[in-house]
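Below: the structure, in structure tokens.
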Amino acid sequence: MAMPRGLRVVLLDLLVERAEFGHGGNMEILFPLAERFSTLEVLLLTPQFQSDDIGLRATQQVNSELIKLVKADVPTWDDDFPFVAIPTDSELQQACAGEVTMQRVALPPADTITLKKWLTSNSVDVVICTGSRRNVSIWEPWMEGVASILRAAVALKLPTLGICFGHQLLCQALGGDVVRSQSRTDLVVELQLSEVGHSDEIFANLGSPVCLFTHQDHVVELPKQAVVLGSTDHNSLASVRIIDEQEGYLPIWGLQFHPEAAKDRIERSVRLGHISAEEAKAFEREHDGAAILANFATVVAKIYN
1 MAMPRGLRVV LLDLLVERAE FGHGGNMEIL FPLAERFSTL EVLLLTPQFQ SDDIGLRATQ
61 QVNSELIKLV KADVPTWDDD FPFVAIPTDS ELQQACAGEV TMQRVALPPA DTITLKKWLT
121 SNSVDVVICT GSRRNVSIWE PWMEGVASIL RAAVALKLPT LGICFGHQLL CQALGGDVVR
181 SQSRTDLVVE LQLSEVGHSD EIFANLGSPV CLFTHQDHVV ELPKQAVVLG STDHNSLASV
241 RIIDEQEGYL PIWGLQFHPE AAKDRIERSV RLGHISAEEA KAFEREHDGA AILANFATVV
301 AKIYN
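Quick note: the sequence shown, position 169, residue 169 per the numbering used here, numbers continuous.
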């Protein structure tokens, strides 16, 4: 039997300043991928902190080697989580049969065509966009580069996962609309699957998945390229899948909820003071995030192995 190949992932690390929901959440996303591939290489992008100069260099060298970041390249870095150019995680390494590498690199803040070239020239297999403390409804210039890389991933039909902010930006980048609610939502609730959602791979073996939500922005209008997989009473477009006119369903999903918010991560976040005990109380119920992330990893493995 052939050995599974290695995997190269672009991870838009947009919640890096929160140790448990940021780095810890990333590890929850990456664990099931590490288990299914012989090696795992993760390119960590933090455009919310990178300087204009390093972005320009990355754009000028889009067909050249990746530009590896040093602390000077991210002048607005939030030091609540120390900058490490090459992060490591022993648990993630143990999950993989071979080597796991993570490297912080510069994102070219460019258009979709340029970022298609960047993804292709760097042999990227998967794109993941995390949640963020920022808001799509309160636009910041760096978000355009992230929107472009999501459009590029769709154009290349790369397996892609957008979580919370990533879900919202994926939908807006493709022509949908995102608005800000008057109040936050923090709860764990069952996702009401659509007919399409019931048969979708991301929810395999989950009849009524239980999901953790914490957000204030909402997708209120879908792009033409998306179908609804699931909704809740507070959010009618809580999970979507991207489609292509010729090829049908693409391996690209947007999830308004946080599958990576494992219970032990929440407990450590309370101890670190990143979330209040009251917020944590809203998240006491067990949810199906780990199974959903495993289903995404299974789809990726079917494509590449």
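C-beta: ideal position from N, C-alpha, C; glycine also.
Test item: CB-CB of residue i and residue j under 8 Å
i: Leu7; j: Asp125; result: yes
i: Ile252; j: Thr130; result: no
i: Glu144; j: Pro108; result: no
i: Phe81; j: Glu140; result: no
i: Val42; j: Leu11; result: yes
Given residue i as reference, the closest of the options once Cα atoms are compared
i: Leu255; options: Ser183, His167 and Gly175; result: His167
i: Val219; options: Glu190, Arg184, Asp177 and Glu247; result: Asp177
i: Leu250; options: Val154, Arg285, Ser269 and Val189; result: Val154
i: Leu44; options: Asp52, Met102 and Phe31; result: Met102
i: Ile316; options: Arg18, Val9 and Ser38; result: Missing from the structure shown is residue 316; the chain here goes from 1 to 305 and no further.
i: Asp52; options: Asn63, Ser183, Asn305 and Ala72; result: Ala72
i: Gly248; options: Lys157, Thr298, Glu195 and His198; result: Lys157
i: Ala106; options: Ile292, Gln93 and Lys68; result: Lys68
i: Leu293; options: Ile128, Asn63 and Ser121; result: Ile128
i: Lys302; options: Val210, Arg36 and Leu40; result: Arg36
i: Arg104; options: Pro87, Leu119, Trp118 and Arg241; result: Pro87
Per DSSP, cross-strand counterpart(s) of residue i
i: Ile149; result: None, per the DSSP bridge assignment.
i: Ala58; result: Paired residue(s): none; Ala58 is not in a bridge.
i: Ser239; result: Gly230 and Leu255
i: Arg180; result: Asp217
i: Thr101; result: Glu41
i: Ile128; result: Leu11 and Leu161
Test: residue i CB closer than 8 Å to a CB of chain B
i: Leu193; result: As a matter of chain content, chain B is missing from the structure shown, which is built from one protein chain.
Nonlocal neighbours in the same chain, by C-beta distance under 8 Å from residue i, ignoring five residues either side
i: Ala147; result: Leu169, Gln172 and Ala173
i: Met1; result: Residue placement at Met1 is flagged as unreliable, the pLDDT there being 39, under the threshold of 50; the coordinate-derived value follows with that caveat. Closer than 8 Å at the Cβ level, and outside the excluded window around Met1, lies no residue.
i: Arg265; result: Glu20, Phe21, Gly24, Gly25 and Glu28
i: Glu267; result: Ala280
i: Val70; result: Ala85
i: Ala291; result: Asn205, Leu206 and Pro209
i: Val196; result: Val227, Val228, Leu229 and Arg241
Residues near residue i by beta carbon distance below 7 Å, same chain, minus five either side
i: Arg180; result: Asn135, Ser137, Gln216 and Asp217
i: His234; result: Thr185
i: Leu212; result: Val188, Phe257, His258, Ala261, Phe283, His287 and Gly289
i: Pro223; result: Cys171, Leu174, Gly175 and Gly176
i: Phe49; result: Val74, Thr76 and Trp77
i: Glu201; result: Asn295 and Val299
i: Ala34; result: Leu40, Leu92, Ala95, Cys96 and Val100
Check: residue i C-beta below 7 Å from any heavy atom of the ligand HEM
i: Arg18; result: Ligands in the displayed structure: none, and consequently the ligand HEM is not present.
Own chain partners of residue i with C-beta closer than 6 Å, once the 5 adjacent residues on each side are dropped
i: Ala204; result: Asn295
i: Thr298; result: none
i: Arg151; result: Thr112 and Ala173
i: Trp142; result: Pro47 and Gln48
Segment contact, 8 Å Cβ cut-off, at least three pairs: the region 268-285 with the region 220-229 | Cβ pair count under 8 Å is below three, so no.
Contact between the region 57-77 and the region 18-28: three or more CB pairs below 8 Å?
-> Three or more beta-carbon pairs separated by less than 8 Å are not found between the region 57-77 and the region 18-28, which leaves the two stretches without contact.
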